[in-house]
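Residue numbers (our numbering), protein chains in the order written: chain A, 38 to 305; chain B, 6 to 251.
Built from N, CA and C at the ideal position, the CB exists for glycine as well.
These numbers were taken from a predicted model, which means no experiment stands behind them.
Single-structure report; data block below.
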Amino acid sequence: MIGLIREFFSYDFLVNAFIAGLLLAVSTSIYSPIVVLKRMEFIGDGTAHAVFAGLAIAFLLNLDYKPIAILTAIIFGLLISFLSQREASENTAVGILLPVFMAFGMVVVSFIKGYTPDIMSYLFGNILLISLEDVYYLLLITSISILLYIFMRKEILYFLADEKTARFFKVPITFIRTTLLIGLALTVVSAVKISGVILVGAFLVIPGTISKIYARKFDHMIFYSLIINITATVIGIIFSYLFDLPPGPTIVLLLFGFYLLSFLKRIM
Amino acid sequence: MKEKIVEVMNVNYSKNDVEILKNINFEIFCGDFVGIIGPNGAGKTTLAKIIVGDIKDYSGKVIVRGKIGYVPQMKDINRDIPILVREFASMGLYEKRGLFRFFTKEDWKEIERNLEMVGIIKLKDRPITKLSGGELQRLMLARALLYNPDILILDEPEAGVDQMGKARFYELIDTLRNDKNLTVILISHDIGMIFQKCEKIMCLNKTLHCQAPRERISLENLQEVFSEDFDIWIRGQKHYEREHKS
Ligand SMILES: Nc1ncnc2c1ncn2[C@@H]1O[C@H](COP(=O)(O)OP(=O)(O)O)[C@@H](O)[C@H]1O
Ligand SMILES: [Mg+2]
Numbered sequence: 038m039i040g041l042i043r044e045f046f047s048y049d050f051l052v053n054a055f056i057a058g059l060l061l062a063v064s065t066s067i068y069s070p071i072v073v074l075k076r077m078e079f080i081g082d083g084t085a086h087a088v089f090a091g092l093a094i095a096f097l098l099n100l101d102y103k104p105i106a107i108l109t110a111i112i113f114g115l116l117i118s119f120l121s122q123r124e125a126s127e128n129t130a131v132g133i134l135l136p137v138f139m140a141f142g143m144v145v146v147s148f149i150k151g152y153t154p155d156i157m158s159y160l161f162g163n164i165l166l167i168s169l170e171d172v173y174y175l176l177l178i179t180s181i182s183i184l185l186y187i188f189m190r191k192e193i194l195y196f197l198a199d200e201k202t203a204r205f206f207k208v209p210i211t212f213i214r215t216t217l218l219i220g221l222a223l224t225v226v227s228a229v230k231i232s233g234v235i236l237v238g239a240f241l242v243i244p245g246t247i248s249k250i251y252a253r254k255f256d257h258m259i260f261y262s263l264i265i266n267i268t269a270t271v272i273g274i275i276f277s278y279l280f281d282l283p284p285g286p287t288i289v290l291l292l293f294g295f296y297l298l299s300f301l302k303r304i305m
Numbered sequence: 006m007k008e009k010i011v012e013v014m015n016v017n018y019s020k021n022d023v024e025i026l027k028n029i030n031f032e033i034f035c036g037d038f039v040g041i042i043g044p045n046g047a048g049k050t051t052l053a054k055i056i057v058g059d060i061k062d063y064s065g066k067v068i069v070r071g072k073i074g075y076v077p078q079m080k081d082i083n084r085d086i087p088i089l090v091r092e093f094a095s096m097g098l099y100e101k102r103g104l105f106r107f108f109t110k111e112d113w114k115e116i117e118r119n120l121e122m123v124g125i126i127k128l129k130d131r132p133i134t135k136l137s138g139g140e141l142q143r144l145m146l147a148r149a150l151l152y153n154p155d156i157l158i159l160d161e162p163e164a165g166v167d168q169m170g171k172a173r174f175y176e177l178i179d180t181l182r183n184d185k186n187l188t189v190i191l192i193s194h195d196i197g198m199i200f201q202k203c204e205k206i207m208c209l210n211k212t213l214h215c216q217a218p219r220e221r222i223s224l225e226n227l228q229e230v231f232s233e234d235f236d237i238w239i240r241g242q243k244h245y246e247r248e249h250k251s
């Protein structure tokens, strides 16, 4: 066992993957309860697909992908925020915009000559390609998320429980919605390299859904999500190392396993 | 002569080319206890939102000389959210602290005083997911009181509350009105209760069909407002079922 751990930590890329996975676990446990309680489960997928459009542009023009990915994610977040203030719910807004961004990304990809393996790795993610720079970015995003949670906790609760009347009580709902959606967009950008565009939604939906069953308090939801995320990430990375499995999907399957367990508990 | 606290002049409101409120004129004086009745879809909530300032694209003029404490319809609230009773009530004090600020010990004491006043202090650490309709109604009242209002606007506070709970809730409103010298506007389905408690009654169905002290409101007035639905309206329970089916 000790030997295994020593072996594991002797590879830089594994250590990076491990730290990145844990950081992502922390930031998604803050957003997951919000996403689930506000019933905007598709926001993660939507943002990830928007990021895909950004990546495609970056590859076509041979630019650094991160700023462009961040930019498209933020544009997507702002558009959702704007649309969902009108008649549409967040989910409807995502439903409209997701295919648009994805289609745009695919059109752009079709202009890139030859094989595009890098783009493919973003679709499915590869935690083992995480660089030190990615880890720093994740550290920054996770810190921002924690600060948001600490300093905007009451506003987030008002936003979730009674958005309409909160406006009357001078709560800046538009600011809160926009800030949260941008924070979420930045988190998704950081998650894409780990889980891929296709799997990112699982990190944002499953922990919140499970924790909602047990929690009496919003903070407990975040805490339970954190435990679920960290457990799935740690076990997932170790499993994928031992049995040579793709890490992202392994973690998602573990999350789903936890969901099934919680489901059993509920019917018993 | 008592002071005018709310003046509504020539208010018209349409949405998507549908006329929702037409030619609304009334005034409310300091300390009044006014009841607004009318069938479903009459525009009662819309009128409340115009007075409160939630709806702004109406035509006409509304003057409010005081601070409003708003108790909205219960269906506005997402009862699925694990927010504690005292946290929910704290929204009423938000204005005092604002973004990125924390509530102080004194703030929490004030919140508890108000929860005590409405009789739900024992529930202060319970999530709203576990509250009954009546308890939630009281919580919304506490939140409105924490805003330190001169005028209280309650939109169907009896919805989802049992018979005993209703009677006690109206007693509470009476007490608060006397203690705090509040002006109260009560929108309600409960014609019986409105006639028992309110001094002035307004009958709304798109436009104001009558507004008068309660002694001067007749059965015919009511019949006019509620038209063919009237018999359903006097049998309250049946109406309730009808509303929830449609
Ligand atoms: N958001 C909205 N969009 C369009 N019509 C609305 C909206 N809200 C209410 N209405 C319409 O306005 C009318 C008045 O509604 P409301 O003020 O809620 O009535 P009440 O509170 O008396 O039941 C109804 O006919 C309703 O269909
Ligand atoms: Mg109404």
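{"Asked": "Closer than 7 Å: B/A47 CB and nearest ligand 1 heavy atom", "Found": "yes"}
{"Asked": "Sequence-distant residues of its chain with Cβ nearer than 8 Å to B/V67 (five each side left out)", "Found": "V11, E12, V13, M14, V16, I55 and I56"}
{"Asked": "Residues near A/L169 in its chain [Cβ-Cβ closer than 8 Å; skip 5 each side]", "Found": "N53"}
{"Asked": "Endpoints, beta strand (DSSP E) assigned at B/A217", "Found": "T212 to P218"}
{"Asked": "Entirely enclosed alpha helix (DSSP H) segments - the segment 83-136 of chain B, minimum 4 residues", "Found": "90-94, 99-102 and 110-122"}
{"Asked": "N-terminal and C-terminal residue of the alpha helix (DSSP H) that A/M143 is part of", "Found": "E127 to F148"}
{"Asked": "For B/D37, the first and last residue of its enclosing beta strand (DSSP E)", "Found": "Here B/D37 belongs to no beta strand (DSSP E), and DSSP marks it neither H nor E."}
{"Asked": "For B/N45, the first and last residue of its enclosing alpha helix (DSSP H)", "Found": "Taken as a continuous stretch (DSSP letters only), B/N45 belongs to no alpha helix (DSSP H), as it is neither H nor E."}
{"Asked": "Chain A contacts from the segment 8-20 of chain B (Cβ-Cβ distance under 9 Å)", "Found": "none"}
{"Asked": "Exposed unless 16 or more other CB atoms sit within 10 angstroms - verdict on B/K9", "Found": "exposed"}
{"Asked": "Cβ neighbour criterion (16 or more within 10 Å) applied to B/K80", "Found": "exposed"}
{"Asked": "Contact test: B/G43 Cβ vs ligand 1 heavy atom, cutoff 7 Å", "Found": "yes"}
{"Asked": "Short CB-CB distance (under 8 Å) between A/V242 and chain B", "Found": "no"}
{"Asked": "Collapsed DSSP secondary structure at B/I222 in the structure displayed", "Found": "coil"}
{"Asked": "DSSP bridge partner residues for A/K191 (one or two, in chain order)", "Found": "In DSSP, A/K191 forms no bridge with anything."}
{"Asked": "Cutoff 8 Å: A/L51 Cβ touching any chain B Cβ", "Found": "no"}
{"Asked": "Interface flag, B/V69 vs chain A, CB-CB below 8 Å", "Found": "no"}
{"Asked": "Heavy atom of ligand 1 within 7 Å of B/I25 beta-carbon", "Found": "yes"}
{"Asked": "C-beta neighbour in chain D for A/M258, strict 8 Å", "Found": "Reference to chain D is not applicable here, since the protein chains of this structure are A and B."}
{"Asked": "Cβ-heavy atom distance, B/D160 to ligand 4, below 7 Å", "Found": "Looking for ligand 4 in the displayed structure turns up nothing; the ligands present are ligand 1 and ligand 2."}
{"Asked": "Buried or exposed (CB count within 10 angstroms, at least 16 for buried), A/I304", "Found": "exposed"}
{"Asked": "Between the CA atoms of A/D49 and A/Y173 - distance to the nearest angstrom", "Found": "15 Å"}
{"Asked": "A/M77 in three-state terms, based on DSSP", "Found": "coil"}
{"Asked": "Nearest-angstrom Cβ-Cβ length linking A/V229 and A/A85, presumed shorter than 8 Å", "Found": "6 Å"}
{"Asked": "Delimiting residues of the alpha helix (DSSP H) encompassing B/S64", "Found": "Segment S64 to V69 is the beta strand (DSSP E) holding B/S64; no alpha helix (DSSP H) there."}
{"Asked": "Secondary structure of B/D22, DSSP reduced to three states", "Found": "coil"}
{"Asked": "Buried/exposed call for B/Q216, threshold 16 Cβ in 10 Å", "Found": "buried"}
{"Asked": "Distance between B/G124 and A/S118 (C-alpha atoms, nearest Å)", "Found": "38 Å"}
{"Asked": "Interface residues of chain B facing A/R214 [CB-CB closer than 7 Å]", "Found": "The contacting residues do not exist; A/R214 stays about 13 Å from chain B at best."}
{"Asked": "The segment 240-247 of chain A in contact with the segment 55-67 of chain A per 3-pair CB rule at 8 Å", "Found": "yes"}
{"Asked": "Selection from B/A47, B/I158 and B/D37 that minimises the alpha carbon distance to B/S19", "Found": "B/A47"}
{"Asked": "Distance between B/R143 and B/D184 (C-alpha atoms, nearest Å)", "Found": "17 Å"}
{"Asked": "Contact set between the segment 68-99 of chain B and chain A, restricted to residues whose Cβ is under 8 Å from the partner", "Found": "Y75, P77, D81, I82, N83, D85, I86, P87, I88, L89, E92, F93, S95, M96, G97 and Y99"}
{"Asked": "Candidates A/F212, A/S299 and A/I219, of which the one nearest A/Y251 by Cα", "Found": "A/S299"}
{"Asked": "A/T109 at chain B interface by Cβ criterion, 8 Å", "Found": "no"}
{"Asked": "Minimum Cβ-Cβ distance from A/K207 to chain B less than 8 Å", "Found": "yes"}
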